[in-house]
Amino acid sequence: MTGSRTVQGGGHESAHGTAPESAPVAASETASGTTPGTAHVENVGAFDIRRFIGALIGLFGLLLTLMGLFAHSAADLEKTGGVNANLWAGLAMLAVAVAFEVWARVDPIRIVVQDNDEGAEVPKDIAPVD
């Protein structure tokens, strides 16, 4: 497994609405050292904070790009020294949004999910994969 990460959510469904990726986990892989029979690994999927950040940056980037393409004037170009600042800033933000999405897909955050003991407050126990 890759370096230590923090758990950011307990998603049980991936971003595309399919079943989460899960696999049995050995006791040595769980943070609490539980039995391997009840534990499995899942991706946090749509609940990954990088997806939210990328979506917001992408939305603002799209708005700036559209403003740069359709709502710029000679006065705007004069203020920026002949550079269409909205267009270039929007394109840069779109590139950053794509980078966040690629990062979330290439290196997903994985968590160990297992059933809790009978009578526990929450039915599932979630721990980071180290």
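The sequence shown begins at 975 in my numbering and counts up by one. Beta carbons are placed, not taken as given, at the ideal position from N, Cα and C, and that holds for glycine. Note that the structure is predicted; figures quoted are calculated from it, not measured.
Listed in chain order, the alpha helix (DSSP H) runs fully inside the segment 1004-1081 are 1023-1044, 1048-1053, 1059-1080, counting runs of at least 4 residues.
Looking from the CA of V1057, the closest CA among V1070, L1068, G1042 belongs to G1042. Distance from the CA of E1075 to the CA of L1038, rounded to the nearest whole angstrom, comes to 19 Å. Buried is the label assigned to A1078, since at least 16 other Cβ atoms lie within 10 Å of its Cβ. Residue pairing by DSSP places V1103 in no beta bridge whatsoever. Judged by beta-carbon spacing, V1103 lies within the 8 Å limit of V1015, meaning their Cβ atoms are closer than that value. For V1096, no beta strand (DSSP E) run applies, since DSSP gives it neither H nor E. DSSP places I1083 outside both helix and strand once states are collapsed to three, so it counts as coil.
Pairing K1098 with V1080 gives a Cβ-Cβ distance that is not under 8 Å. For the pair E1052 and R1024, the Cα-to-Cα distance works out to about 37 Å.
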